[in-house]
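Engineer: In this text, residue positions in the sequence shown follow the numbering used here: the first is 956, and each later residue adds one.
Structure below; questions to follow.
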Amino acid sequence: MELRHLQHFVAVAEDQHFTRAAERLLVSQSGLSASIRALERELQTPLFVRTTRRVTLTPAGRALLGEAERILAQVRSAHEAVAAVQGVLRGMLALGSEQCIAGVYVAGLLASFRRRHPDVEICLRQAGSGALAEEVAAGRLDLAFAVRTAQEDTDQLRVVPLAAEPMTVLCHPDHRLARAGAAVTPEDLGGEVFVDFHPDWGPRRTTDAAFAAAGVRRAVALEVNDVHSLLDLVDENLGVAVVPRHFRHKRPSLTALPMKGTGEAVYETVALLPPEQATSPAARALMALLETGGVGTPQEGAHPS
956 MELRHLQHFV AVAEDQHFTR AAERLLVSQS GLSASIRALE RELQTPLFVR
1006 TTRRVTLTPA GRALLGEAER ILAQVRSAHE AVAAVQGVLR GMLALGSEQC
1056 IAGVYVAGLL ASFRRRHPDV EICLRQAGSG ALAEEVAAGR LDLAFAVRTA
1106 QEDTDQLRVV PLAAEPMTVL CHPDHRLARA GAAVTPEDLG GEVFVDFHPD
1156 WGPRRTTDAA FAAAGVRRAV ALEVNDVHSL LDLVDENLGV AVVPRHFRHK
1206 RPSLTALPMK GTGEAVYETV ALLPPEQATS PAARALMALL ETGGVGTPQE
1256 GAHPS
């Protein structure tokens, strides 16, 4: 099995189209098709279902995809490790992050990293913590800044704690809770209209876990995928939001109330990495930069609005 066959297979799987994959790989379409056929002959099974418009993976193709991505990531790490021994850090840093993650100012960290390692290409993907954990475990990301989920350290995933903080209720100043001005429990919020993130985002996962532990059912009526939309909806008094405490700095006009009665539920941010031996030199350099504090931060700390 040749590496180029796996590279071609992954490209077709990603693009779901032979022509687009061939253009991206800078190879002829006939050459790409021959490469895929050679791989299918070796494995003695079809890897794609071909139609006139697109191609999709067969069950065998889906089984191969994760392994192929891991193999290619390990090969890339090997090349980068050799370059690092020679004193040159190059290649690619594939990073994932949630929005407004606590404990790290991602933009400043990447700017500092680029100044120190200009030969490394940086690729950033923003997604929810569940998806990011899967991407790191599959070898598609070198590391990710995320919120701790129920998934602990595994053979494919290493978890490095960054920060932890309590959750806070944000509401409009005219809201009844704001007028009371007291700490609130999940029971106090039982009948409220909630603004919250997609279920895969860390703050939503933390809030869902806190309410489930308290035995309080809640329904999210207004679901968003970005912080500023959430704050805008609360600012218009359309609902309340349970968010990490540092979010209160992003919209001072809103009332922030502490949460109580949530047990052990805290918003804990982590760095997700592959096992030590599989961590790329670029990821090691980025974590070293973060740990030594060699990164600029915005004026209000590591939580830019």
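For glycine and all other residues, C-beta sits at the position ideal for the given N, C-alpha and C.
Source: prediction; values computed, not measured.
1) Under DSSP, the alpha helix (DSSP H) around residue 964 begins and ends at which residues?
2) With DSSP as the reference, label residue 1238 as helix, strand or coil.
3) Which residues bound the alpha helix (DSSP H) around residue 1176?
4) Taking three-plus beta-carbon pairs below 8 Å as touching, is the segment 1192 to 1199 in contact with the segment 1148 to 1161?
5) Which complete alpha helix (DSSP H) runs does the segment 1007 to 1084 hold, if anything under 4 residues is left out?
6) Evaluate the contact criterion for the segment 1209 to 1220 versus the segment 1162 to 1174: three or more CB pairs, one atom per stretch, below 8 Å.
7) Have a look at the DSSP bridge pairing and note the partners of residue 1191.
8) Taking the CB atoms as reference points, tell me whether residue 1241 and residue 1144 lie closer together than 8 Å.
9) According to DSSP, which residues form a beta bridge with residue 1003?
10) According to DSSP, simplified to helix, strand and coil, what is residue 1223?
11) Run the CB neighbour count on residue 1046, radius 10 Å, all protein chains shown included, and call it buried at 16 or more, exposed below.
12) Do the CB positions of residue 1122 and residue 1182 come within less than 8 Å of each other?
13) Could you please give the first and the last residue of the uninterrupted beta strand (DSSP E) stretch that includes residue 1149?
14) Cα separation between residue 968 and residue 1138?
15) Judging by CA-CA distance, which residue of 1007, 1132, 1025, 964 is the nearest neighbour of residue 998?
16) List the whole-angstrom C-beta distance separating residue 1236 from residue 1094, where the pair is believed to meet the contact cut-off of C-beta under 8 Å.
17) Is it buried or exposed, residue 1189, if we count other Cβ atoms within 10 angstroms and call 16 or more buried?
18) Give the range of the alpha helix (DSSP H) segment to which residue 995 is assigned.
19) Rounded C-beta distance between residue 1050 and residue 1096? I'm assuming under 8 Å.
20) Would residue 977 and residue 984 be called neighbours here (beta carbons separated by less than 8 Å)?
21) For residue 1082, count neighbouring Cβ atoms within 10 angstroms of its own Cβ and tell me buried if that reaches 16, exposed if not.
22) So, are the CB atoms of residue 957 and residue 1113 less than 8 Å apart?
23) Write down the C-beta distance between residue 1061 and residue 1100 rounded to the nearest angstrom, noting that I regard them as a contact closer than 8 Å.
24) Between the alpha carbons of residue 1015 and residue 1248, how many angstroms are there, rounded?
25) Is it true that the CB of residue 1140 sits closer than 8 Å to the CB of residue 1215?
26) Please name the residue, chosen from 1187, 1159, 1142, that lies closest to residue 1169 on a Cα-to-Cα basis.
27) With burial defined as no fewer than 16 other Cβ atoms inside 10 Å of the residue's Cβ, what is the status of residue 1011: buried or exposed?
28) Please confirm whether residue 1027 and residue 1111 have their CB atoms less than 8 Å apart.
29) Can you give me the start and stop residues for the beta strand (DSSP E) that residue 1196 sits inside?
30) Whole angstroms is fine: what's the gap from residue 1052's alpha carbon to residue 1087's?
31) Excluding five sequence neighbours on each side, which residues of the same chain lie with their C-beta closer than 7 Å to the C-beta of residue 1246?
32) At what residues does the alpha helix (DSSP H) containing residue 1158 begin and finish?
Structural biologist: Taking the geometry as given:
1) First-last of the alpha helix (DSSP H) with residue 964: 958 to 970.
2) Residue state, collapsed to three classes: helix.
3) That residue, residue 1176, is in no alpha helix (DSSP H); its beta strand (DSSP E) goes 1175 to 1179.
4) Cβ pair count under 8 Å is three or more, so yes.
5) Whole alpha helix (DSSP H) segments, 4+ residues: 1014 to 1040, 1061 to 1071.
6) Enough Cβ pairs lie closer than 8 Å, so yes.
7) As DSSP reads the structure, residue 1191 sits in no beta bridge.
8) Not a contact, by the Cβ cut-off of 8 Å.
9) Per DSSP, the beta-bridge partners of residue 1003 are 1012.
10) Collapsing the DSSP output to three states places residue 1223 in a strand.
11) Per the 10 Å Cβ criterion, buried.
12) Cβ distance not < 8 Å, so residue 1122 and residue 1182 don't count as in contact.
13) DSSP places residue 1149 inside the beta strand (DSSP E), whose first and last residues are 1149 to 1152.
14) Straight-line Cα distance between these residues: approximately 51 Å.
15) Of 1007, 1132, 1025, 964, the smallest CA-CA separation from residue 998 is found for 964.
16) Going by Cβ atoms, the distance from residue 1236 to residue 1094 rounds to 15 Å, so no, they are not a contact pair.
17) A residue is called buried when at least 16 other Cβ atoms come within 10 angstroms of its Cβ; residue 1189 meets this threshold and is buried.
18) Its alpha helix (DSSP H) spans residues 984 to 998.
19) At roughly 7 Å, the Cβ-Cβ gap stays under 8 Å, so residue 1050 and residue 1096 are in contact.
20) In this structure, residue 977 sits near residue 984, with a CB-CB distance shorter than 8 Å.
21) By the neighbour-count rule (16 or more Cβ atoms within 10 Å), residue 1082 is buried.
22) Not a contact, by the Cβ cut-off of 8 Å.
23) That pair is a contact at about 6 Å.
24) In a straight line, the C-alpha of residue 1015 is about 46 Å away from that of residue 1248.
25) Result yes, Cβ atoms of residue 1215 and residue 1140 sit closer than 8 Å.
26) The shortest Cα separation from residue 1169 among 1187, 1159, 1142 belongs to 1142.
27) Exposed, since its Cβ has fewer than 16 Cβ neighbours within 10 Å.
28) Result no, Cβ atoms of residue 1027 and residue 1111 do not sit closer than 8 Å.
29) 1196 to 1199 is the span of the beta strand (DSSP E), which, as asked, contains residue 1196.
30) One Cα belongs to residue 1052, the other to residue 1087, and the distance between them is close to 7 Å.
31) No residues qualify anywhere along the chain.
32) Unbroken alpha helix (DSSP H) run through residue 1158: 1157 to 1169.
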